[in-house]
Amino acid sequence: MGIITENGVHLTVKSTKKFKTIKMYVDLIAPVAVDEISLRVLLAQLLETSSEKYPTQIDLAEQLSWMYGASFGASVFRYGTQQGIRFTFNLVSGKYLGLNQAEQQQLMADVFDFLKEVIFKPLIDDSGFDGSTFDRQKANIIDYLNSMLDDKQQLAGQSLRKLYYENDEAYALGVLGDADHMAPISRTDLFAYYKKALDRDQVFITVLGDVAEEEIAPFVTKLPFKKRSVIAIDPFHHREITENREETLAQPVSQSKLNLAFSFPIYRHGDQYFEALVFNELLGASPISLLFLNVREKESLAYYASSQYSPFTGTLTVESGIEAKNMGHVRELILQQIDAIKTGDFSDELFDKVISKMLTDREVAYDNQRALMNSLVVKSVIGEGISDEEWVERIKQVTKENVMAVAAKAQLQAQFFLKGTEDAD
């Protein structure tokens with residue numbers, strides 16, 4: 015799928031008339047490294063908010079308004095062992111704006127001129143990134159990272175991750191890092207890293223909308239990325255099995271949180287991947303799941319209870335909001351739902367409903383531009399060739415016995431309990 019330019023940039027263009035907007039991602043991807051996480055977060059923030067030509071956010075907004083109300087942003091993301099900086103650009107298709115061919119071409123030229131400015135011409139001085147802009151954005155990020163701890167669901171999630179990855183700091187930190195790693199970064203350090211990342215990272219450009227590859231490719235080849243080797247990416251992170259780790263933190267909050275992490279060594283499109291997707295949906299990823307039906311609805315023991323499966327790290331997590339006095343019972347019920355799947359103690363009717371819901375959700379995703387973009391990126395990054403039709407067929411082929419078998423692979427590794435001291439009543 016797609017092409018690779020002479021300087022090693024991956025380009026994927028999916029042409030469709032389904033959307034009135036054209037969405038573009040420019041992704042810089044590199045292996046996860048503990049000393050780079052915070053650098054990448056701060057770099058994305060700076061490049062999103064200023065450049066040499068557009069030194070303020072007002073200047074950026076004015077330029078975007080001239081491009082018929084286009085939008086631009088920068089963020090960070092992670093696929094298993096890989097961390098990315100993503101530049102996102104959205105614009106209304108010139109065809110829907112009633113532009114003629116020459117005007118459409120000029121609009122696309124303006125888009126890539128804008129991207130060239132914000133990615134390759136940052137706001138700098140002799141010491142690195144502009145001092146006042148750097149200080150302001152760094153302070154904003156540190157404030158945000160500290161404020162995340164006020165969100166108790168976020169706190170519980172972070173704490174579980176640190177417990178699960180106790181021996182692997184890069185993964186314990188998560189994609190946003192933390193304030194302690196952000197604080198020592200200087201503008202000189204960040205500018206040096208910016209140049210390193212721009213020259214070294216694998217570059218993936220993905221475009222989705224009413225536009226053809228031949229319309230985009232000439233602009234992509236003119237972006238001044240230095241020539242780089244194309245490296246096959248292995249995004250799958252493997253963690254050794256350890257003894258179960260447990261931690262309890264008491265805080266004066268009204269709702270307690272019980273989060274569990276399981277080793278679940280099944281990876282994207284490896285053996286049993288589709289069975290793992292169905293298992294997760296049945297366990298806790300939908301409103302018809304066992305966790306929802308039995309823990310939340312039937313027993314009324316949780317404000318919420320759900321599961322998430324990461325096919326890049328082979329991890330299964332369960333999150334729940336509960337009353338502190340019910341912790342032991344809720345933990346037992348969560349484990350019972352996994353045991354029920356292992357032994358096939360769930361009805362054929364529920365199983366069929368889960369499969370049906372997954373297929374319906376997939377159809378809905380076909381009409382979601384962001385979901386389609388993420389699918390395109392993943393396929394490009396890991397070299398996956400599975401079609402949407404094949405995905406549907408593979409889900410349909412999953413049997414009850416298949417799901418029972420994969421359930422046996424879930425092994426509890428970490429438990430974090432945020433014990434609320436105000437919910438005793």
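Numbering of the sequence shown is given in the numbering used here, commencing with residue 15 and proceeding in unit increments.
Cβ atoms here follow ideal geometry from the backbone N, Cα and C, with glycine treated the same way.
Contact set for residue i: own chain, Cβ-Cβ below 7 angstroms, skip 5 residues either direction
i, result
"Lys423", "Phe278, Pro279, Ile280"
"Arg175", "Ala186, Gly188"
"Thr313", "What sits at residue 313 in the sequence shown is Glu, not Thr. Taken in chain order, the residues that qualify are Leu347."
Bounding residues of the alpha helix (DSSP H) (the contiguous stretch that carries residue i)
i, result
"Asn104", "No alpha helix (DSSP H) holds Asn104; the beta strand (DSSP E) holding it covers 96-106."
"Thr147", "145-162"
"Ile348", "341-357"
"Ala186", "183-187"
"Ala193", "193-196"
"Leu297", "287-297"
"Leu190", "No alpha helix (DSSP H) contains Leu190, which DSSP labels as neither H nor E."
"Leu330", "Leu330 -> not in any alpha helix (DSSP H); beta strand (DSSP E) instead, spanning 329-336."
"Ser370", "362-379"
Reduced DSSP secondary structure (H/G/I, E/B, other) of residue i
i, result
"Asp439", "Summary for Asp439: the model assigns pLDDT 45, below 50, so the residue's position carries little reliability, and this model does not support an answer."
"Met81", "coil"
"Ser89", "strand"
"Gln269", "coil"
"Ile127", "Per the sequence shown, residue 127 should be read as Asp rather than Ile. If DSSP states are grouped into helix, strand and coil, Asp127 belongs with the helices."
"Gly171", "helix"
"Gln425", "strand"
"Gln115", "helix"
"Ser389", "helix"
"Ala275", "strand"
"Thr19", "coil"
"Ser303", "coil"
Closest residue to residue i among the options (Cα-Cα distance)
i, options, result
"Leu330", "Asp164, Leu426, Ser389, Leu113", "Leu426"
"Ser64", "Asp149, Glu117, Leu121", "Asp149"
"Thr70", "Ile155, Lys37, Gln151, His24", "Gln151"
"Pro273", "Gly284, Val267, Glu261", "Reading off the sequence, residue 273 comes out as Asn, not Pro. That would be Glu261, whose Cα lies nearest to the Cα of Asn273."
"Trp80", "Phe205, Val417, Leu105, Phe101", "Leu105"
"Lys166", "Pro266, Gln115, Ala206, Asp73", "Pro266"
"Leu305", "Ser334, Ser270, Leu291", "Ser334"
"Ile336", "Phe431, Gln411, Ala421", "Phe431"
"Asp139", "Ser161, Arg201, Glu377", "Arg201"
"Gln350", "Leu307, Gly399, Thr30, Arg376", "Leu307"
"Ala211", "Phe288, Ile156, His195, Leu42", "Leu42"
"Gly87", "Phe143, Ile400, Leu57, Lys32", "Leu57"
"Lys28", "Gly223, Gln120, Leu373", "Gly223"
"His283", "Lys240, Asp402, Asp182", "Asp402"
"Glu66", "His252, Lys135, Arg92", "Lys135"
Nonlocal neighbours in the same chain, by C-beta distance under 8 angstroms from residue i, ignoring five residues either side
i, result
"Lys371", "Glu295, Ser300, Ile302"
"Arg214", "Ala44, Arg242"
"Gly145", "Asp139, Arg201"
Boundaries of the beta strand (DSSP E) in which residue i is found, first to last residue
i, result
"Arg259", "259-265"
"Ser29", "23-29"
"Thr220", "216-223"
"Pro69", "Counting along the chain, Pro69 falls outside any beta strand (DSSP E), and DSSP gives it neither H nor E."
"Gln59", "Counting along the chain, Gln59 falls outside any beta strand (DSSP E), though it belongs to the alpha helix (DSSP H) covering 51-63."
"Pro45", "35-45"
"Ala319", "318-324"
Anticipated Cβ contact below 8 angstroms, residue i with residue j, distance rounded
i, j, result
"Tyr82", "Leu129", "Tyr82 to Leu129, Cβ: 16 angstroms. No contact."
"Val55", "Gly171", "Going by Cβ atoms, the distance from Val55 to Gly171 rounds to 17 angstroms, so no, they are not a contact pair."
"Val221", "Met38", "5 angstroms"
"Gln118", "Val46", "No, Gln118 and Val46 are not in contact; Cβ-Cβ is about 40 angstroms, not under 8 angstroms."
"Ser320", "Lys433", "Contact flag wrong, Cβ pair sits at about 20 angstroms."
"Val234", "Val23", "6 angstroms"
Sequence-distant residues of its chain with Cβ nearer than 6 angstroms to residue i (five each side left out)
i, result
"Ala438", "Low per-residue confidence applies at Ala438: pLDDT is 47, beneath 50, and the placement is therefore not dependable enough to give any value."
"Leu169", "Leu163"
"Ile51", "Leu187, Gly191"
"Tyr179", "Tyr185, Ala186"
Min CB distance residue i to chain B below 9 angstroms
i, result
"Ser161", "Considering every chain present, this structure includes no chain B. It has just one protein chain."
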